[in-house]
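Straight run, no breaks: the sequence shown in the UniProt record's numbering ends on number 292.
Note that CB positions come from ideal geometry on N, CA and C, so glycine has one too.
Beneath this line is the structure, given in structure tokens, with notes to follow.
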Amino acid sequence: MGEDTWLAERFEQQRPQLRAVAYRMLGSLSEAEDAVQETWLRLARTDTTEVDNLAAWLTTVVARVCLNTLRARTTRREDPLDVRLPDPVVDVAEADADPAHAAVLADSVGLALLVVLDTLNPIERLAFVLHDMFGVPFEEIGALVDRSPAAARQLASRARRRVRGQAPAPDPDLARQREVVTAFLAAARDGDFDGLVAVLHPDVVLRSDGGTARARHSTVLTGARVVAAQATTFGRFSPFARPVLVNGAAGVLVSAAGRPLSVMAFTVTGGRIAAIDVIADPERLAALDLGH
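Right, here's the structure in full:
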């Protein structure tokens with residue numbers, strides 16, 4: 001087997017890991033794929049005879065590519081009032097009865113968590129993602145960002161505190177998540193304001209991303225009563241809603257005449273909905289693989 005073929009095979013073995021790192025770093029499926037491709041190009045240009053651990057080397061390279069992308073993104077940041085949700089990973093299969101999806105849920109990263117990661121500065125995000133999600137040592141993280149291991153540890157710690165405060169961990173029981181979401185949709189359909197408030201966390205956050213062409217449909221609302229008042233308008237869409245998985249958690253796809261209208265992701269914590277993230281941007285929905 002030639003060296004090029006061997007490298008290509010090793011890279012393909014690592015591609016899922018590299019894609020996972022890049023998606024968590026960037027929150028964009030297309031940018032994550034670009035980062036993985038750039039990593040392959042850098043590998044092809046590198047003499048790997050002195051690389052002891054190719055998997056670790058590739059993880060470091062893709063993280064550096066993503067860091068550069070994040071830094072470039074901050075220099076052209078849109079108006080901070082814009083609502084721009086990360087790309088969702090949507091599974092339209094009827095997954096509730098499939099035990100294999102428990103593993104998907106355990107390994108997934110929720111949309112609400114990605115929203116919080118977007119509020120971190122680039123090196124905080126890198127430190128948190130690499131250490132807390134992928135177990136990369138602080139020595140390696142520090143070398144990536146020209147900081148000491150202790151400073152890298154502090155970056156991850158600071159990011160961790162923000163994540164814990166703003167993105168509570170979802171309940172692990174997918175069936176229970178679905179029950180709560182179903183109750184929410186039923187209350188919305190019936191115009192049951194009290195029923196909506198009952199399934200919403202008091203500090204629930206509703207984020208809706210309608211895209212730049214539909215800015216008036218982009219909003220952030222907080223508080224159970226405020227969100228419940230808005231959710232009563234969802235009722236008219238109930239005939240067009242079907243359950244899906246969004247980033248491994250209970251979600252809903254609303255479509256009519258074969259055209260997707262919105263994807264709704266729910267973060268269920270302690271048996272109540274703590275976050276609802278809605279993507280209604282026609283361009284982004286058209287780019288997703290949502291089936292029919």
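Judged by beta-carbon spacing, V92 lies within the 8 Å limit of L290, meaning their Cβ atoms are closer than that value.
For H131, the closest C-alpha among the options A228, L29, A63 is that of A63. In this structure, V116 sits near A167, with a CB-CB distance shorter than 8 Å.
For the pair I276 and E283, the Cα-to-Cα distance works out to about 20 Å.
In this chain, the alpha helix (DSSP H) harbouring P16 covers 3 to 26. Counting only residues of its own chain and dropping the five nearest sequence neighbours on each side, Q14 has a CB closer than 6 Å to the CB of A55, L58. Excluding the 5 residues flanking it on each side, A32 has same chain C-beta neighbours closer than 7 Å at R19, A22, Y23, L26, in chain order. The criterion of a C-beta distance shorter than 8 Å is satisfied by T269 and D171.
When secondary structure is reduced to three states using DSSP, A250 falls in the strand class. Shortest Cα-Cα distance from T39 to any of A229, A186, L7 involves L7. Taken atom to atom, the span from the alpha-carbon of E9 to that of E3 is near 10 Å.
Contact check between the segment 168 to 188 and the segment 238 to 251: three or more CB pairs, one atom from each, fall below 8 Å, which counts as touching.
Annotated three-state conformation of A231 is helix, per DSSP. Annotated as proximal: L144 and T60, with beta-carbon spacing under 8 Å. A Cβ-Cβ separation of about 18 Å leaves F184 out of contact with I279 under the 8 Å criterion. Closest in alpha carbon position to F134, among S30, A224, P16, is P16.
Its chain contains A22, V62, V65, C66 as the residues whose beta carbon lies nearer than 6 Å to that of A35, once the 5 sequence neighbours on both sides are disregarded; these appear in chain order.
Of T74, T5, L70, the smallest CA-CA separation from A44 is found for T5. Rounded to whole angstroms, the gap between the alpha carbons of L155 and A256 is 45 Å.
For the segment 126 to 167, not one full-length beta strand (DSSP E) segment reaches 3 residues or more. Shown here, T269 sits in a strand according to DSSP, grouped into three states. For R42, the enclosing alpha helix (DSSP H) stretches over residues 29 to 44. Using a Cβ distance threshold of 8 Å, D87 and L126 do not count as a contacting pair. A distance below 7 Å between beta-carbons, with the five flanking residues on each side excluded, links V83 to the following residues of its chain, in chain order: R207, S208, D209, S218, T219, V220. Contact annotation: V90 and L196 have beta-carbon atoms that are not nearer than 8 Å. In the DSSP assignment, V51 falls outside any beta strand (DSSP E) and carries neither an H nor an E. Following the DSSP letters along the chain, one finds L200 inside the beta strand (DSSP E) bounded by residues 200 to 209.
At a Cβ-Cβ threshold of 8 Å, A224 and A188 do not count as neighbours.
In the DSSP assignment, L221 falls outside any alpha helix (DSSP H) and lies within the beta strand (DSSP E) extending over 219 to 222. Per the coordinates, the alpha-carbon of P122 lies some 33 Å from the alpha-carbon of V226.
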